[in-house]
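Undergrad: Have a look at this one.
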Amino acid sequence: MERIRNKLKGWKEKHLSFAGRGILISAVIQALPTYTMSCFLLPKTMCEKIEKAICRFWWGSKEGQHKIHWKARSELFKAKFEGGLGFRDMHMFNMAMLAKQVWRLQTDPDSLLSLCLKAKYYPTTDILHSQPGKNTSYAWQSIHQAIRIIKKGSCWKVGDGRSIDIWEDNWVSLQNGYKILTPRNNGYNISKVTDLISSDPIKCWNFSLIDQAFLPFE
Numbered sequence: 001m002e003r004i005r006n007k008l009k010g011w012k013e014k015h016l017s018f019a020g021r022g023i024l025i026s027a028v029i030q031a032l033p034t035y036t037m038s039c040f041l042l043p044k045t046m047c048e049k050i051e052k053a054i055c056r057f058w059w060g061s062k063e064g065q066h067k068i069h070w071k072a073r074s075e076l077f078k079a080k081f082e083g084g085l086g087f088r089d090m091h092m093f094n095m096a097m098l099a100k101q102v103w104r105l106q107t108d109p110d111s112l113l114s115l116c117l118k119a120k121y122y123p124t125t126d127i128l129h130s131q132p133g134k135n136t137s138y139a140w141q142s143i144h145q146a147i148r149i150i151k152k153g154s155c156w157k158v159g160d161g162r163s164i165d166i167w168e169d170n171w172v173s174l175q176n177g178y179k180i181l182t183p184r185n186n187g188y189n190i191s192k193v194t195d196l197i198s199s200d201p202i203k204c205w206n207f208s209l210i211d212q213a214f215l216p217f218e
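The numbering of the sequence shown is our numbering, which starts it at 1 and goes up by one.
Here it is as structure tokens:
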């Protein structure tokens, strides 16, 4: 936050057009916390302070002299096609950067970071099924906060089905929400997608079990 204040303070003495201010905000100010935001979840109050400082700079406010803000802060941080200026919503950007880390850990399990975090925080499962745990590092807690974003927008590609939970994971790609809608306690002892695959004589879906265990439209 101090680096951002110092940058803005240095620029306030210069005569900049709105276009120039917009470029400086997008290319410099909002880029400063990128690395930190990719590792840690910043408090919402901190994100709001950054956005307020950006707004003051945009409208030309000086120390002890605040100019009128002709648009609400939320309007400035909307996408351009929505009528805003395209400035990043700092909290949403923070969550997006952390979600990117989750995706890297999931898709590159052999990386050094993946191996270290898995050994310490989720040795018997994958990151999407991990738990935040107690007394864990703030970096891990921050990354774990973004798992729900990946879960909401991703869908498993079925292979052997051993890692896919029938009831909790997103794996039905043609269904809204990607989840099974059939109630879990339906009398069948099945938990993983592999339980729905028959291997006799070749691997294929066990359609008779699927027809009996799930609702007709699934």
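Glycine residues also receive a C-beta, built at the ideal position from the N, C-alpha and C atoms. Quick caveat: nothing in here was measured; it's all calculated off a predicted structure.
#1: Going by DSSP in three states, residue 52 sits in which element: helix, strand or coil?
#2: Quick check on residue 51: buried or exposed, where buried means 16 or more other Cβ atoms within 10 Å of its Cβ?
#3: Excluding the 5 residues preceding and the 5 following residue 204 in the sequence, name in chain order all residues of the same chain whose CB lies nearer than 8 Å to its CB.
#4: Tell me, please, whether the region 138-150 touches the region 158-172 by the rule of three or more beta-carbon pairs shorter than 8 Å.
#5: Just grab the DSSP bridge partners of residue 198 for me.
#6: Following the continuous alpha helix (DSSP H) through residue 122, name the residue where it begins and the one where it ends.
#7: Using a Cβ-Cβ cut-off of 7 Å (strictly less than) and excluding sequence neighbours within five positions of residue 103, which residues of its own chain qualify?
#8: Figure out for me which residue from 42, 26, 120 and 108 has the closest Cα to the Cα of residue 1.
#9: So for residue 211, helix, strand or coil by DSSP?
#10: By Cβ distance below 7 Å, which residues in the same chain neighbour residue 206 in space, the five residues on each side in sequence not counted?
#11: Ends of the alpha helix (DSSP H) at residue 182?
TA: Once the coordinates are examined:
#1: helix
#2: buried
#3: 197 and 198
#4: no
#5: 204
#6: Counting along the chain, residue 122 falls outside any alpha helix (DSSP H), and DSSP gives it neither H nor E.
#7: 150
#8: 42
#9: helix
#10: 196, 197 and 198
#11: Unbroken run through residue 182: none, as it is neither H nor E.
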